Amino acid sequence: MNYQAKPSVHGCLVFIGCTLFFPIGVFFLLFRIYKHRHANHLKIDDIKLISVSLMVVWAFMSFVYMVAMVQEYPGDVVLFAVITFLFLALPGVLLGLWARRKERKLHQMYTYYENLIVHKHIASIDRIADMTKQNAHTVMNDICHMIYTGRLPGAFVDSYSREVLFRNAHADPHRHDVNIVIETGYSRMQAAPAAAPVKKETAPAVKVVECSGCGYKTELVQGQSKECEYCGSPVG
Numbered sequence: 033m034n035y036q037a038k039p040s041v042h043g044c045l046v047f048i049g050c051t052l053f054f055p056i057g058v059f060f061l062l063f064r065i066y067k068h069r070h071a072n073h074l075k076i077d078d079i080k081l082i083s084v085s086l087m088v089v090w091a092f093m094s095f096v097y098m099v100a101m102v103q104e105y106p107g108d109v110v111l112f113a114v115i116t117f118l119f120l121a122l123p124g125v126l127l128g129l130w131a132r133r134k135e136r137k138l139h140q141m142y143t144y145y146e147n148l149i150v151h152k153h154i155a156s157i158d159r160i161a162d163m164t165k166q167n168a169h170t171v172m173n174d175i176c177h178m179i180y181t182g183r184l185p186g187a188f189v190d191s192y193s194r195e196v197l198f199r200n201a202h203a204d205p206h207r208h209d210v211n212i213v214i215e216t217g218y219s220r221m222q223a224a225p226a227a228a229p230v231k232k233e234t235a236p237a238v239k240v241v242e243c244s245g246c247g248y249k250t251e252l253v254q255g256q257s258k259e260c261e262y263c264g265s266p267v268g
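Numbering of the sequence shown is given in our numbering, commencing with residue 33 and proceeding in unit increments.
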């Protein structure tokens with residue numbers, strides 16, 4: 033899953049498509065909602081966009097109708113404004129309030145994520161999803177957004193293990209005694225003290241000496257002397 037920090041379709045394109053090039057903007061909006069189905073922060077932006085669009089369309093339509101009809105049918109202008117308010121502006125206001133409520137709940141969820149990851153050391157995305165009763169893709173996107181906005185400094189999501197990991201030793205902003213060391217075989221080899229050189233023992237030199245009395249040849253270590261085994265004469 034790819035994390036989305038920004039909307040798939042810019043809000044201006046959706047707004048212009050809904051007002052000037054209707055119904056192109058509706059297709060843009062539906063595509064945007066589909067792409068943001070696992071991104072809570074972007075779904076809130078979608079609700080805000082619809083809210084603002086409805087209120088702007090209501091204001092624009094009311095203004096145009098008022099300019100065109102105020103002199104001939106002043107009563108109809110008020111009636112038109114009230115009817116369009118009920119169908120456009122009021123839903124826009126309600127959607128705006130709903131977006132604010134979802135935003136507050138999302139920030140509360142971010143605090144809960146932070147407590148699980150930083151203080152309780154729960155790193156598994158799937159386990160966090162089970163604990164919060166949410167889709168794992170949604171949880172992963174939420175945590176990626178927290179990392180993107182700086183709420184989890186030094187953290188990253190390992191897509192292979194589906195865990196939240198930390199790059200530095202001070203990932204917890206409330207704890208300063210955390211020390212994470214990643215050690216490799218190379219680093220252990222570099223850190224190990226150099227072994228003392230081993231002195232290679234050389235074998236003593238051996239020489240063959242001939243007995244002066246009987247001629248028997250005897251092997252002697254250099255500096256050694258002994259008697260001949262046959263005649264008893266000193267050899268060395």
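Don't be surprised by glycine CBs; every beta carbon is placed ideally from N, CA and C. Computed from a predicted model, the values in this text were never measured in an experiment.
With fewer than 16 other Cβ atoms inside 10 Å of its own Cβ, residue 37 counts as exposed. For residue 70, the closest C-alpha among the options 171, 257, 187, 191 is that of 171.
Residue 78 holds the alpha-carbon nearest to the alpha-carbon of residue 45 among 35, 126, 78, 73. Distance from the Cα of residue 135 is smallest, within the candidate group 254, 72, 258, for 72. Under the three-state reduction of DSSP, residue 185 is assigned to coil, being neither helix nor strand. Between residue 167 and residue 35, the CB-CB gap reaches or exceeds 8 Å.
Inclusion of residue 58 and residue 50 in the CB contact set at 8 Å is warranted, their separation being smaller than that value. Excluding five sequence positions before and after residue 74, the CB atoms of its chain that fall closer than 7 Å to its own CB belong to 36, 39, 68, given in chain order.
Between the alpha carbons of residue 107 and residue 113 lies a gap of roughly 10 Å.
Residue 197 is positioned such that its CB atom lies closer than 8 Å to that of residue 155.
Each residue's CA atom was taken as its position, placing residue 258 and residue 266 some 6 Å apart. For residue 93, the CB contacts under 7 Å within the same chain, skipping 5 residues up- and downstream, are 116 in chain order. Counting along the chain, the unbroken beta strand (DSSP E) around residue 196 starts and ends at 195 to 198.
The C-beta distance from residue 48 to residue 131 rounds to 21 Å, too long to meet the 8 Å contact threshold.
Look at residue 85 here: in three-state DSSP terms it is helix. Cα atoms of residue 151 and residue 144: separation of roughly 10 Å, rounded to the nearest angstrom. The shortest CA-to-CA distance from residue 80 to any of 121, 53, 111 is the one to 121. Annotated as proximal: residue 127 and residue 83, with beta-carbon spacing under 8 Å. Under the 10 Å beta carbon count, residue 142 is surrounded by 16 or more other beta carbons and is classified as buried. For residue 178, same chain residues with a beta-carbon under 6 Å away, outside a window of 5 residues either side, are 142, 184 in chain order.
Judged by DSSP secondary structure, residue 117 falls outside any alpha helix (DSSP H); it is assigned neither H nor E.
Within the same chain, and ignoring the five residues on either side of residue 61 in sequence, the residues whose Cβ sits closer than 6 Å to its Cβ are 46.
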